[in-house]
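Residue numbers (the working numbering): 276 to 537.
Cβ atoms here follow ideal geometry from the backbone N, Cα and C, with glycine treated the same way.
Structure first, commentary second.
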Amino acid sequence: MTSHFGAIGLEVGGRREYGELLRRLYALGRAEPVGGGAVRVVWTGAGGARVELEIDDEGSLTHVLPALAPRGAPVPVRGIVLAPDGVAHMELLDGEGGRTLCPLPVELTDRAELRALGRRQGGAPTEGFVRLSALAERIDLYEDRAAYDAAQRDREPGFAPEYLIPSGLFRPEDSGREWAPVARALFAGGVVAAERVGSEIGGGVFHRLRVRTLGGIEVDVAAADAQLPHAPAPRGWAGRWVEGAFFMTGSLGLEMPRGANR
276 MTSHFGAIGL EVGGRREYGE LLRRLYALGR AEPVGGGAVR VVWTGAGGAR
326 VELEIDDEGS LTHVLPALAP RGAPVPVRGI VLAPDGVAHM ELLDGEGGRT
376 LCPLPVELTD RAELRALGRR QGGAPTEGFV RLSALAERID LYEDRAAYDA
426 AQRDREPGFA PEYLIPSGLF RPEDSGREWA PVARALFAGG VVAAERVGSE
476 IGGGVFHRLR VRTLGGIEVD VAAADAQLPH APAPRGWAGR WVEGAFFMTG
526 SLGLEMPRGA NR
């Protein structure tokens, strides 16, 4: 399984390389206060690659989030709740004020904004719009929908051509009392846009794909070049189909409330 950093072209080989990468991203990133004396350092790279480092008021690193900046159509959501561990839970809707397509845990790039709004009178928003992105942990590529459908005939059970399953909500049988939902999902869909991106740090390469899945939801996917050894040229992606397991990230488009940084 490719690491989340590898999905955005920042593959590291061990603990030492990981530490060196974080120090480099910290030096290159943009620091912004997020309240309570904490600071968020954001590095952004080619193709929308993004890494957040959150540092508390004592100078300790408390949160690291590799992600892909989402650019797809916003999805209406309701029931937004930020869990104590920082994972946001929400229901994806088939339209504004519509029916629920599925619940989904998401690691938000604006979780600090959501947290700060929650401290204000009136609280954090429980409805809104989310733009979704995902880092591929496993991804399979098919020539077209017909090839995908043919592959389902050999599977039990077979899956629909467009599905989205919030697998991070499923509790493993051997999990302990400390278990909590994680921002993971399984989904399949058609590729509607693609580009191949070279990272300016370390020279890694990844593919940025826009996938249209259940209910027309668009997810921007990052997948390491090694995960897609038979990937076509960017113009050859039209009609291709993908499915896999993904780490879900996204943004509600929130801004830090005035005075929250004091």
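Quiz item: Where does the unbroken alpha helix (DSSP H) through L300 begin, and where does it stop?
Solution: Along the sequence shown, one-based indexing puts residue 300 at 25. Element bounds for L300: R290 to L303.
Quiz item: For the beta strand (DSSP E) that F521 lies in, which residues bound it at each end?
Solution: In the sequence shown, residue 521 corresponds to position 246, counting from 1. Where F521 is concerned, the enclosing beta strand (DSSP E) stretches over W516 to S526.
Practice problem: Classify H246 as buried or exposed, calling it buried when 16 or more other Cβ atoms lie within 10 Å of its own Cβ. | Solution: Only positions 276 to 537 of the chain appear in the structure, and residue 246 is not among them; the question remains open.
Self-check item: Stretch-stretch touch, CB-based, cutoff 8 angstroms, three pairs: the region 277-286 with the region 483-499
Solution: Flag = yes, the region 277-286 and the region 483-499 touch.
Quiz prompt | 3 or more residues per run - each beta strand (DSSP E) lying fully within the region 449-489 | solution = 459-473 and 480-487
Quiz item: Residues bridged to Y423 by DSSP?
Solution: Mapped onto the sequence shown, residue 423 falls at position 148. Answer is none; Y423 lacks a bridge partner.
Exercise. Go through its chain and collect everything with a Cβ distance to S442's Cβ below 8 angstroms, but skip five positions before and after it.
Key: In the sequence shown, counting from the first residue as 1, residue 442 sits at position 167. Cβ within range, chain order: R459, A460, L461 and A520.
Exercise. Report buried or exposed for R483, applying the criterion of at least 16 other Cβ atoms within 10 angstroms of its Cβ.
Key: Taking the sequence shown and counting its residues from 1, one reaches residue 483 at position 208. By the neighbour-count rule (16 or more Cβ atoms within 10 Å), R483 is buried.
Practice problem: Check the DSSP bridge columns for H279 and list the partner residues they point to. | Solution: Sequence index remark: in the sequence shown, residue 279 carries index 4 (1-based). H279 is not bridged to any residue.
Practice problem: Given a cut-off of 9 angstroms, decide if V486 and Y417 are closer than it, judged by their beta-carbon atoms. | Solution: Residue mapping note: residue 417 aligns to position 142 of the sequence shown, counting from 1. Residue mapping note: residue 486 aligns to position 211 of the sequence shown, counting from 1. Cβ distance not < 9 angstroms, so Y417 and V486 don't count as in contact.
Quiz item: Tell me which same chain residues have a C-beta within less than 7 angstroms of the C-beta of L389, skipping the five on either side of it?
Solution: Working through the sequence shown from its first residue, we reach residue 389 at position 114. These residues qualify, in order along the chain: L357, A363, L383, A399, L527 and L529.
Quiz item: Three-state secondary structure (DSSP) at R390?
Solution: Position 115 of the sequence shown, counted from the start, is the residue given in the question as residue 390. In this structure, R390 counts as helix in the three-state DSSP scheme.
Self-check item: Helix, strand or coil at D500 according to DSSP, with G and I counted as helix
Solution: On the sequence shown, position 225 is the one that residue 500 refers to. Correct three-state label for D500: helix.
Quiz prompt | With 16 other Cβ atoms within 10 Å as the buried cut-off, status of T337 | solution = Within the sequence shown, numbered from 1, the residue matching residue 337 stands at position 62. Here T337 is exposed, its C-beta having fewer than 16 other C-beta atoms within 10 Å.
Self-check item: Burial state of R406 (16 or more Cβ within 10 Å)
Solution: On the sequence shown, position 131 is the one that residue 406 refers to. Buried is the call here.
Self-check item: 9 angstroms Cβ cutoff met for P380 and L300
Solution: To locate residue 380, count along the sequence shown from 1; it is residue 105. To locate residue 300, count along the sequence shown from 1; it is residue 25. No, the pair does not count as a contact, with Cβ atoms beyond the cut-off.
Self-check item: Spatial neighbours of I492 in its chain, beta-carbon cut-off 6 angstroms, leaving aside the 5 residues before and after
Solution: Position 217 of the sequence shown, counting from 1, holds the residue named residue 492. Excluding positions up to five away in sequence, the list reads V350.
Quiz item: From this set, L328, A321 and L303, which residue's C-alpha is nearest R315's C-alpha?
Solution: Your numbering for residue 315 matches position 40 in the sequence shown. Per the Cα distances, L328.
Quiz prompt | Boundaries of the beta strand (DSSP E) in which L407 is found, first to last residue | solution = By one-based count along the sequence shown, residue 407 stands at place 132. First-last of the beta strand (DSSP E) with L407: E402 to Y417.
Quiz item: Do the CB positions of L410 and A342 come within less than 9 angstroms of each other?
Solution: Your numbering for residue 410 matches position 135 in the sequence shown. Your numbering for residue 342 matches position 67 in the sequence shown. Yes, the Cβ-Cβ distance between L410 and A342 is below 9 angstroms.
Self-check item: Sheet register partners of G372 (DSSP bridge)
Solution: Counted from its first residue, the sequence shown places residue 372 at position 97. G372 is not bridged to any residue.
Self-check item: Residue range of the beta strand (DSSP E) that includes G354
Solution: As a first step, residue 354 must be located in the sequence shown, where it is residue number 79. Looking at the DSSP string, the run of the beta strand (DSSP E) that includes G354 is V350 to L357.
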